[in-house]
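One structure below.
There are 2 protein chains.
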Amino acid sequence: MTLEDKDMTSQVLADVNAMGKAARGAAAVLSVADTGQKNLALLAMADAIDAAASILLAANAKDLAAARVKGIDAALLDRLELTPARISGMSEGLRSVAAQADPIGALSATDRRPSGLEIARMRVPLGVIGVIYESRPNVTADAAGLCIKSGNVVILRGGSEAFNSNQAVAECVRQGLQKAGLPEAAVQLVATTDRAAVGALLAMDEYLDVIIPRGGKGLVKRISEEARVPVIKHLDGICHVFIDAGADLARAVEVALNAKTYRYGICGSMETLLLHGDEAERVLPMLVDAFAAKEVELRGCERTLALVPGMVAATEADWDTEYLGPILSIRVVDDMDAAMQHIARHGSAHTDAIVTNDIGRARRFVRQVDSASVMVNAATCFADGAEYGLGAEIGISTNRMHVRGPVGVLGLTTEKYVVNGDYTTRG
Amino acid sequence: MTLEDKDMTSQVLADVNAMGKAARGAAAVLSVADTGQKNLALLAMADAIDAAASILLAANAKDLAAARVKGIDAALLDRLELTPARISGMSEGLRSVAAQADPIGALSATDRRPSGLEIARMRVPLGVIGVIYESRPNVTADAAGLCIKSGNVVILRGGSEAFNSNQAVAECVRQGLQKAGLPEAAVQLVATTDRAAVGALLAMDEYLDVIIPRGGKGLVKRISEEARVPVIKHLDGICHVFIDAGADLARAVEVALNAKTYRYGICGSMETLLLHGDEAERVLPMLVDAFAAKEVELRGCERTLALVPGMVAATEADWDTEYLGPILSIRVVDDMDAAMQHIARHGSAHTDAIVTNDIGRARRFVRQVDSASVMVNAATCFADGAEYGLGAEIGISTNRMHVRGPVGVLGLTTEKYVVNGDYTTRG
């Protein structure tokens with residue numbers, strides 16, 4: 001590292017630190033901001049984004065051109081691209097979050113204690129949230145909207161490949177805050193592509209209350225390992241569908257097909273299909289036809305191969321793989337308990353589903369399967385904040401503590417105790 | 428380190444790892460155990476403790492004798508000591524937790540989405556909890572009771588000075604689990620005083636879901652820094668009482684006196700008293716008399732010293748000090764806003780109180796003060812799980828995420844999504 005590099009790095013650290021300090025100041029204002037004022041900001045952000053559509057497209061075109069020069073792959077280019085529909089998606093997302101209930105300040109039921117004290121819990125913001133993300137510029141608007149609505153302040157650090165797009169979206173966010181009379185430091189975008197900025201955020205436990213990484217496994221892993229601030233993280237999504245004995249097989253095949261093929265790249269996509277042994281012989285030919293039509297490669301266990309000779313054999317590694325692509329592993333199991341054992345051993349506690357007509361087994365599956373989302377007769381690809389009614393999501397948590405599954409406004413809050421007495425002393 | 432030491436250390440690592448694996452296995456059983464079975468275990472533990480009182484006292488006598496030989500200080504000896512009253516306290520605590528509602532399996536209100544899906548959240552245990560504590564043997568019973576009631580499994584690592592006492596309590600816990608037919612691995616006590624065991628627990632993110640340290644600042648700090656597992660931690664308790672203009676001064680002095688002197692060593696003890704400028708002249712003589720009678724040293728700000736000449740002057744460091752002893756700093760402020768600014772700057776977000784007759788200011792104080800417990804007309808020393816109706820507490824959290832303040836059964840749980848459909852696919 002040259003002296004000049006060192007100077008630049010220490011400048012980045014100073015800048016990020018100054019942002020942290022400003023954020024902490026703004027947090028006191030946001031934590032008690034009225035619902036109306038917060039909603040006004042969100043709606044003004046949405047209007048500003050709609051009005052700036054051509055500016056956003058132009059900024060995005062710069063990023064796309066630079067990415068193409070760098071030879072960035074098609075999947076990443078797709079995530080990076082803004083289209084008129086995606087721009088409307090951002091503003092609609094903000095309006096949808098504005099329409100959500102404001103949880104801040106809500107009091108739980110009050111308990112009166114023998115001491116005479118009245119004790120309740122009040123919902124409050126987490127404080128200052130850091131969001132570190134990769135190529136998708138819409139995260140800038142989504143994260144800003146969810147954080148402001150929940151009374152939090154946010155520092156955003158987007159991917160360098162989306163630098164111009166993120167700056168343009170952040171300008172619309174700034175206009176919204178200004179219009180509502182909220183401090184501009186409530187949403188700050190780190191204005192450098194220097195990677196030292198990420199390290200600075202991870203170490204800034206004085207000013208940041210939580211970090212949310214959004215991106216690929218590499219990013220999340222690095223952040224989880226290095227952060228001195230609590231992380232709401234999203235690791236693997238190895239999701240299962242189990243087709244139970246007695247299920248409506250034609251409809252069960254539809255659910256399985258949807259769970260796999262709705263979109264291959266999402267974390268709620270099914271990676272392994274478990275079949276009750278009693279149905280395997282009847283349902284496998286239906287599955288083979290349905291998935292062949294979608295050009296999905298099937299990999300089967302021994303019992304599957306015995307019924308469908310010629311299918312690719314699944315290896316042990318298949319059960320632990322998140323394909324995120326047109327591949328599906330299939331395993332025939334003796335019963336629901338064997339299915340649940342497979343899920344406990346190979347799943348990632350993200351989203352797992354049973355397809356069944358038996359109410360007792362459905363209840364037991366729901367209670368026993370330890371996943372952030374447990375589904376009955378629904379496709380795992382529904383695991384998503386918008387589908388769950390959260391307006392938008394800032395991520396899907398695979399943590400156990402604080403919040404599991406899609407994280408919306410409520411997941412960005414916590415509770416404090418409120419204690420009322422009558423000059424009460426402890427005896 | 429000699430080769431023999433290395434062998435011992437690798438043996439400890441292997442032992443702790445085996446405990447983790449056994450705990451993970453037991454967690455699947457505990458997570459779906461019936462309320463009746465869990466309560467049976469707790470009540471049987473309580474009975475076993477009562478029945479073993481003389482055994483517990485004998486084991487404790489060994490620990491006390493060894494501690495005295497080591498020249499351990501009086502405060503630590505006090506925490507280490509078991510008395511018949513403290514033994515009854517343990518069994519009563521277990522019965523009180525048994526009497527609490529069982530939150531596990533409870534479903535939130537169900538939302539029906541446009542897709543036809545019905546979405547609710549189900550309360551579930553965190554999984555496997557590690558509790559690392561110092562000298563107080565009652566933590567062994569409290570932690571076991573709270574973890575079992577909340578469907579969790581726990582690995583306990585008590586202080587080496589309480590080794591015999593903890594083993595004896597753990598034996599009673601084991602009897603309770605056995606009587607209820609629950610796996611003994613649901614509560615495991617690390618049976619070595621080797622400090623390598625703590626390091627092993629901190630690194631065991633495969634088997635532990637959360638670590639709760641109970642003890643002094645040094646312990647908590649070390650654990651927070653080293654742990655690769657999420658920590659529910661308890662740092663400083665720099666608690667404030669603000670006496671507002673117009674408060675009933677005689678009663679306000681009682682609250683302040685109680686907040687400081689109920690017990691000096693607890694984290695909810697008041698460390699700084701803030702006085703509204705309009706009342707300072709009248710209330711200070713009353714405070715000086717009241718605290719003099721309790722031999723509490725007072726340290727005042729300049730405005731305080733102007734009214735009470737001869738009082739010790741507080742330095743800047745005083746506002747940031749958790750005395751945990753018979754010392755109190757006093758500051759006169761202009762109004763409630765100045766008091767809240769002082770609390771925001773110097774407080775530890777643990778427990779802060781206002782004493783006031785003004786309903787508007789009480790509401791604003793409660794909303795704006797960002798502490799785990801915010802009190803109105805009550806002494807800060809009430810910040811305690813039993814007083815809050817939690818039955819017992821496994822600690823008081825100064826985290827922002829997951830749980831703030833006294834942590835009881837509910838704080839050891841989380842929620843998963845439960846999604847019900849009718850063979851529903853995503854369009």
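First to last, the sequence lines map onto chains W and X. When we follow my numbering, the leftmost residue of the first sequence carries the number 1, and every step to the right adds one. When we follow my numbering, the leftmost residue of the second sequence carries the number 428, and every step to the right adds one. C-beta: ideal position from N, C-alpha, C; glycine also. As the structure is a computational prediction, the values presented were derived from the model and not from experiment.
Contacting residues, own chain, Cβ-Cβ under 6 angstroms from residue i (five flanking each side not counted)
| i | result |
| --- | --- |
| Ala200 (chain W) | Leu13, Val16 |
| Lys179 (chain W) | Ala44 |
| Gln464 (chain X) | Ala607 |
| Asp675 (chain X) | none |
Length of the line joining the Cα atoms of residue i and residue j
| i | j | result |
| --- | --- | --- |
| Arg678 (chain X) | Leu839 (chain X) | 37 angstroms |
| Val647 (chain X) | Arg641 (chain X) | 7 angstroms |
| Ile266 (chain W) | Lys260 (chain W) | 10 angstroms |
| Thr110 (chain W) | Arg794 (chain X) | 16 angstroms |
| Ile665 (chain X) | Ala799 (chain X) | 12 angstroms |
| Gly127 (chain W) | Asn591 (chain X) | 44 angstroms |
| Ala733 (chain X) | Glu226 (chain W) | 51 angstroms |
| Thr398 (chain W) | Ile132 (chain W) | 17 angstroms |
| Gly822 (chain X) | Ile639 (chain X) | 8 angstroms |
| Val229 (chain W) | Ile650 (chain X) | 14 angstroms |
| Ala22 (chain W) | Ala41 (chain W) | 19 angstroms |
| Met631 (chain X) | Ala624 (chain X) | 11 angstroms |
| Ala571 (chain X) | Thr436 (chain X) | 27 angstroms |
| Met828 (chain X) | Arg282 (chain W) | 49 angstroms |
| Arg363 (chain W) | Asn60 (chain W) | 48 angstroms |
| Ala460 (chain X) | Ala528 (chain X) | 14 angstroms |
| Ser88 (chain W) | Leu80 (chain W) | 16 angstroms |
| Tyr844 (chain X) | Ala480 (chain X) | 45 angstroms |
Close Cβ partners of residue i (< 7 angstroms) along its chain, the five nearest in sequence each way excluded
| i | result |
| --- | --- |
| Pro369 (chain W) | Checking the sequence shown, residue 369 (chain W) turns out to be Val, not Pro. Cβ neighbours of Val369 (chain W) beyond the five flanking positions: Met340, Ile343, Asp352. |
| Leu573 (chain X) | Val524, Ala819, Ile821, Gly835, Val836, Leu839 |
| Gly347 (chain W) | Ile238, His240, Ser371 |
From the options, residue whose alpha carbon lies closest to that of residue i
| i | options | result |
| --- | --- | --- |
| Gly105 (chain W) | W:Asp422, W:Tyr423, W:Leu410 | W:Leu410 |
| Ala613 (chain X) | X:Ile665, X:Ile582, X:Lys843 | X:Ile582 |
| Leu235 (chain W) | W:Gly268, W:Leu274, W:Tyr388 | W:Gly268 |
| Phe792 (chain X) | W:Ser31, W:Ala101, W:Arg331, W:Asn166 | W:Ser31 |
| Ala810 (chain X) | X:Gly835, X:Ile786, X:His773 | X:Gly835 |
| Glu588 (chain X) | X:Arg831, X:Ile499, X:Gln527, X:Leu604 | X:Ile499 |
| Ala744 (chain X) | X:Gly737, X:Arg730, X:Arg772 | X:Arg772 |
| Arg788 (chain X) | X:Gly774, X:Val830, X:Val803 | X:Val803 |
| Gly452 (chain X) | X:Ala488, X:Val580, X:Val524, X:Leu507 | X:Val580 |
| Lys149 (chain W) | W:Gly158, W:Val124, W:Thr425, W:Thr192 | W:Val124 |
| Glu254 (chain W) | X:Pro511, X:Thr510, X:Ala454, X:Tyr850 | X:Tyr850 |
| Ala191 (chain W) | W:Val333, W:Gly158, W:Thr321 | W:Gly158 |
| Asp358 (chain W) | W:Gly405, W:Asp244, W:Ala290, W:His350 | W:Asp244 |
| Ala18 (chain W) | W:Glu118, W:Val403, W:Gln188 | W:Gln188 |
Residues near residue i in its chain [Cβ-Cβ closer than 8 angstroms; skip 5 each side]
| i | result |
| --- | --- |
| Ala141 (chain W) | Met45, Ile49, Met90, Ser91, Gly93, Leu94, Val169, Cys172, Val173 |
| Arg68 (chain W) | Leu77 |
| Val296 (chain W) | Lys260, Thr261, Pro326, Ile327, Leu328 |
| Ala66 (chain W) | Glu161 |
Outcome for residue i when other beta-carbon atoms lying within 10 angstroms are tallied against a minimum of 16
| i | result |
| --- | --- |
| Gln482 (chain W) | Lying before the first or after the last residue shown, residue 482 (chain W) is absent from chain W, which here runs from 1 to 427. |
| Gly151 (chain W) | buried |
| Lys70 (chain W) | exposed |
| Pro137 (chain W) | buried |
| Gly737 (chain X) | exposed |
| Val312 (chain W) | exposed |
| Asp63 (chain W) | buried |
| Gly130 (chain W) | buried |
| Ser108 (chain W) | exposed |
| Ile354 (chain W) | buried |
| Ala683 (chain X) | buried |
| Thr731 (chain X) | buried |
beta-carbon residue i near the ligand FAD non-hydrogen atom, thresh 7 angstroms
| i | result |
| --- | --- |
| Ala595 (chain X) | Ligands displayed in this structure: none; no statement on the ligand FAD is therefore possible. |
At which residue ranges does the region 265-345 of chain W contain complete alpha helix (DSSP H) runs of 4 or more residues, listed in the order of the chain? 277-293, 302-307
In the region 429-503 of chain X, which residue ranges form an unbroken alpha helix (DSSP H) of at least 4 residues, counting only runs that do not cross its ends? 430-457, 462-478, 480-497
Ignoring anything shorter than 3 residues or poking outside the region 628-670 of chain X, list the beta strand (DSSP E) runs there in chain order. 637-641, 666-670
Which whole runs of the beta strand (DSSP E) in the region 796-823 of chain X are 3 residues long or more, in chain order? 800-805
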